[in-house]
Amino acid sequence: MLRFLVAAAPLLFLPPAVAGKEAVASAHPLATAAGRAVLAQGGNAFDAAVAVAATLAVVEPYSSGLGGGGFWLLHRARDGREVMVDARETAPLAARQDMYLDAAGKPVAGASLKGPRAAAIPGTPAALSWVAERYGRLPLSVSLAPAIRYAEEGFPVDERFARIAAEKAQLLRADPTAAGIFLRDGVPPRVGERLSQPALAMTLRAIARDGHDGFYSGPVAEMLVRSVREAGGLWTMEDLRRYRIVEREPVRIRYRGATITTAALPSAGGLTLAQALHVLERFPLERLSEADQAHLVVEALRRAYQDRARFLGDPDFVSGPWERLASRDYAAQRARSIDLQRATPSAELPGLEMKEGGSTTHFSIVDKEGNRVAATLTLNTLFGSGFVAGASGVLLNNEMDDFALAPGVPNVYGLVGGRANAIAPGKRPLSSMSPTFVENAKGVLVIGTPGGSRIISMVLLAILQYLHADDPDPVRIVAAPRYHHQYLPDRIELEPGAFPAAWRAALEAKGHLLREAPRPWGNMQAVFVDRATGDAVAASDPRGTAGAAWY
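According to my numbering, the sequence shown holds residues 1289 to 1839 in order.
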C-alpha cells in the first residue's frame, strides 16, 4: 500500500463516519446547517451552495464574505456538465502597475494589504445570483434566508472567531465601522457572545430581492463606492457595473486511472497540479520508501511552483505556454532533472519568507441527484483589508496583494510573480484556490481547502492519499499530516510534531532544509460518494471548527 504519510505519523482525532445519500462539509456548523435546510426544502446542491456561502459570509467573516470572491466548481448530474464559475475579484479601472511602489520602485509596507486601496471589486455577490439563477431551483430569497437570519439576529461567537478577532484586533480598530461590528468597545468578543450584523443583513436582503443588481447597482453600490472613495480608495460605479462572472472550462487531469477535475486560470491550481502529477507518474512510487515519496512530491512541487511564478496569470489578459506546461512531454523533461538521492536547490532567487493562509474557506456538497459543488472562497488575509464599506456591512478584501507588485517581489504568502500577474485595470489576480473533483472506480471525492500558497500542495497530497490508499475514507484524508514546498523559499514546511525523526533525517540527508511551522494549517472539507452504493460521507478538517460536516 502506498501510504503517502497517512500512516507515517499519528493522525489527528478522527470522528466516526456514517454513510448517507447526500452530504455537506463546510468550515462552520451553522453554514452546514443552512445547506442542509435548503436541501430539505427541495433545493439541489447548487441552492445549498448558495446558502452555505452566504452563511459563511456572516459567521466566518475573517475567511470569506460579500466583499470577497472565489471559484465554484460545479457538476450537474442530468447532463454531466462541469464548469468553473470564476467569481474572482477584479482590479479597479483606476489601478496601475506601480500603485503600491514608492519613488524607488520598492513596495510600500502594508499598502496592498490594508484599507480600501487594497480592495479589488468583489465577485461573491455575483456568484450567489449566478449559481442560483442558472443552476438552482429555489429563489434567492429562500437560499439566503439562513444567512439573513444569522446576520440580523446574531450567532454565538466560537473559539476560532474569538481567537482570530484577538489576533487581528489592531487591524479592526483602524476602521471605526469594522471595530463597531467585530469588537466590543475595542475588545475582541468572548466565546459565547452573540454577534449581529444588521447592516450586512440589509445588503443580503437587497441581493435576495434584486439578485446581481442588488449589489452592483442602486443604493448598495452607491454606498460602497462613496465609502471607499471617501477613505482613499479607487472604486467607481463603473467598476461595479462592469463586474461579470466568467464560466471557464475546468482543467482535467488523467492520473493512474482517475479523472481529476479542478480549477482553471486564474487559479494556478489546475496547471500546477497537472505538472506535479504528470511528473510523479514517471516514478514507481509504490516501490519507494515514504521519505523517497515525499522527496519526489517536493521536487515535483518545486518545479511546478517555479513555472507558476514565471508564466501564470489571468487568461483574459495574458497568454502563456499553458498547453505545454500541462503536457506529459514537458513533465518528462522536468522529471529527468530530478535526482532521487539529492534535493535540487532553488538557487535562482533569494530565500523569501512565507506566511500561513487561513483566511479562505471551502465547502463541498453532493445531493441525492448526484449534483456536486466544490467552492473555495476568500478575502485573502484574515479579515481582508480590515475596512467595512460604510453602512453596507460589507468587509472588503485585500486581493490586490495577490498581484505581482513588482517582478520577484513576494506577496504576503511568499509567492513571487512576473509580468503575467502584474496589476492591470479589470484584471483578476492569480490565485491558489483549487476546488477539485477526483473520480475513479472507487467513487468521487469532492475536496478543497483554504491555506494560501499551501492550498495546492494540500490538494495534491489529498489526491495521492485517496488514489493510492486502500481505504478512501475522507475523514482520514482531511486529517492526514501535511508538508509543503513552493520553490521559494527553498525549504520544506512541516506541520508541528507530525513527522517521525527517521523520515526527517532521510530528507535532510538528501539536502532538504526542513522547517516546522508554528501551527497546523488548512481547513479541508471533503465529501466522498461511493460508486458501488451511492452512499455519501462528509468530512471536515479536525484543525477547524468541530461538527461542521453532515451526511
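By construction, the Cβ of each residue, glycine as well, lies at the ideal position given by its N, Cα and C atoms. Since the structure is predicted, the reported quantities are computational estimates derived from the model, not experimental observations.
Let me check understanding here. Comparing Cα to Cα, which of the options lies closest to residue i?
| i | options | result |
| --- | --- | --- |
| Leu1354 | Met1387, Met1490, Ala1457 | Met1490 |
| Arg1570 | Ala1556, Val1585, Ser1577 | Val1585 |
| Gly1810 | Pro1769, Ala1614, Ala1635 | Pro1769 |
| Leu1561 | Pro1784, Ala1797, Gln1774, Leu1684 | Gln1774 |
| Ile1436 | Arg1630, Trp1523, Ala1322, Leu1667 | Ala1322 |
| Asn1332 | Leu1748, His1363, Thr1669 | His1363 |
| Ala1390 | Leu1381, Ser1400, Ala1382 | First, the amino acid is wrong: residue 1390 is Asp here, not Ala. Selected option, being the one with the closest Cα: Ser1400. |
| Phe1605 | Arg1707, Arg1544, Val1516, Tyr1504 | Arg1707 |
| Val1825 | Thr1632, Ala1814, Thr1833 | Ala1814 |
| Leu1471 | Tyr1350, Tyr1839, Ala1620 | Tyr1350 |
| Thr1724 | Gln1621, Val1697, Val1373 | Val1373 |
| Ser1719 | Lys1730, Arg1742, Ile1765 | Arg1742 |
| Asp1446 | Leu1559, Ala1315, Pro1380 | Ala1315 |
| Leu1428 | Asp1498, Ala1592, Leu1460 | Asp1498 |
| Leu1426 | Leu1600, Pro1486, Phe1334, His1772 | Phe1334 |
| Gly1358 | Ala1341, Ser1673, Leu1459, Ala1620 | Ala1341 |
| Leu1749 | Ser1722, Gly1731, Ala1729, Lys1730 | Ser1722 |
| Leu1460 | Ser1673, Pro1410, Arg1369 | Ser1673 |
| Arg1448 | Tyr1839, Pro1464, Gly1832 | Gly1832 |
| Lys1767 | Ser1828, Pro1738, Ala1794, Asn1709 | The sequence shown places Ala at residue 1767, rather than the Lys named in the question. For Ala1767, the nearest C-alpha among the options comes from Ser1828. |
| Gly1785 | Arg1529, Arg1803, Asp1778 | Arg1803 |
| Val1763 | Ala1694, Gly1714, Ala1837 | Ala1837 |
| Arg1807 | Tyr1771, Leu1565, Tyr1839 | Tyr1771 |
| Leu1568 | Ser1555, Arg1544, Ala1365, Ala1556 | Arg1544 |
| Pro1714 | Ile1409, Ser1634, Ala1328 | Note that residue 1714 corresponds to Gly in the displayed sequence, not to Pro. Closest option to Gly1714, Cα to Cα, is Ile1409. |
Indicate the three-state DSSP secondary structure (helix, strand or coil) for residue i in the structure shown.
| i | result |
| --- | --- |
| Asp1747 | Correcting the residue type first, residue 1747 is Val in the shown sequence and not Asp. Looking at Val1747 - three-state DSSP - the assignment turns out to be helix. |
| Ser1719 | strand |
| His1772 | strand |
| Trp1838 | strand |
| Pro1410 | coil |
| Gln1485 | coil |
| Arg1807 | coil |
| Leu1460 | helix |
| His1363 | strand |
| Glu1455 | helix |
| Arg1831 | coil |
| Leu1548 | Reading off the sequence, residue 1548 comes out as Ile, not Leu. Ile1548: strand per DSSP, three-state reduction. |
| Gly1357 | strand |
| Asp1501 | helix |
| Met1812 | coil |
| Glu1796 | helix |
| Ala1712 | coil |
| Arg1472 | strand |
| Glu1574 | helix |
Specify, as a first and last residue, the run of the alpha helix (DSSP H) that residue i falls within.
| i | result |
| --- | --- |
| Met1688 | Where Met1688 is concerned, there is no enclosing alpha helix (DSSP H), given that its DSSP letter is neither H nor E. |
| Leu1318 | 1317 to 1328 |
| His1566 | 1557 to 1568 |
| Val1825 | No alpha helix (DSSP H) contains Val1825, which is instead part of the beta strand (DSSP E) from 1824 to 1828. |
| Ile1765 | 1762 to 1767 |
| Gly1731 | Note, Gly1731: premise wrong, no alpha helix (DSSP H); beta strand (DSSP E) at 1731 to 1736. |
| Glu1781 | Element bounds for Glu1781: not the alpha helix (DSSP H) but the beta strand (DSSP E), 1780 to 1782. |
| Arg1514 | 1506 to 1518 |
| Arg1591 | 1578 to 1599 |
Quick one: give me the first and last residue of the beta strand (DSSP E) that residue i is part of.
| i | result |
| --- | --- |
| Arg1803 | 1802 to 1804 |
| Arg1542 | 1539 to 1543 |
| Met1525 | Per DSSP, Met1525 belongs to no beta strand (DSSP E); it is in the alpha helix (DSSP H), 1525 to 1530. |
| Ala1313 | 1311 to 1313 |
| Phe1253 | The structure shown has nothing for residue 1253, since the chain only spans 1289 to 1839. |
| Arg1536 | 1534 to 1536 |
With 7 Å set as the bound, which would you pick, yes or no: does the beta-carbon of residue i sit closer than that to a beta-carbon of chain D?
| i | result |
| --- | --- |
| Asp1498 | The structure shown contains no chain D; it holds only a single protein chain. |
Grab me the residues of residue i's own chain with a C-beta within less than 6 Å of its C-beta, minus the 5 sequence neighbours each way, in chain order.
| i | result |
| --- | --- |
| Val1338 | Leu1416, Val1419, Ala1420, Ser1431 |
| Glu1644 | Confidence is the limiting factor: at Glu1644 the pLDDT is only 45, short of 50, which leaves the residue's position unreliable, though a coordinate-based value still follows. Within the same chain, Glu1644 has close Cβ partners Trp1809. |
| Ala1790 | none |
| Leu1637 | Note that Leu1637 has pLDDT 33, beneath the 50 cutoff, so the model's placement of it is unreliable and the number below is only indicative. The answer, listed in chain order, is Leu1776. |
| Glu1481 | Val1445 |
| Ile1626 | Glu1587 |
| Leu1733 | Val1726, Tyr1754, Phe1816 |
| Leu1801 | Arg1779 |
Which residues in the same chain as residue i place their Cβ atom closer than 7 Å to its Cβ, once the five residues preceding and following it in sequence are excluded?
| i | result |
| --- | --- |
| Leu1318 | Thr1343, Val1347, Tyr1438, Phe1443 |
| Ala1466 | Leu1460, Gly1674, Phe1675, Val1676, Leu1683 |
| Gln1629 | Lys1798 |
| Gly1822 | Lys1309 |
Which residues in the same chain as residue i place their Cβ atom closer than 8 Å to its Cβ, once the five residues preceding and following it in sequence are excluded?
| i | result |
| --- | --- |
| Gly1731 | Pro1760, Phe1816, Val1817, Asp1818, Arg1819, Ala1820 |
| Pro1538 | Leu1361, Glu1370, Val1371, Met1372, Thr1549, Thr1550, Ala1551, Ala1552, Gly1558 |
Run the proximity test for residue i: is its beta-carbon closer than 6 Å to any non-hydrogen atom belonging to the ligand HEM?
| i | result |
| --- | --- |
| Glu1587 | Annotation note on the ligand HEM: not contained in the displayed structure, which lists no ligands. |
Starting from the N-terminal side, write out each stretch of the alpha helix (DSSP H) that is 4 residues or longer and does not extend beyond the stretch 1612 to 1671.
1616 to 1624
Along the chain, which unbroken stretches of the alpha helix (DSSP H) at least 4 residues long are found entirely within the stretch 1381 to 1447?
1412 to 1423, 1428 to 1431, 1433 to 1441
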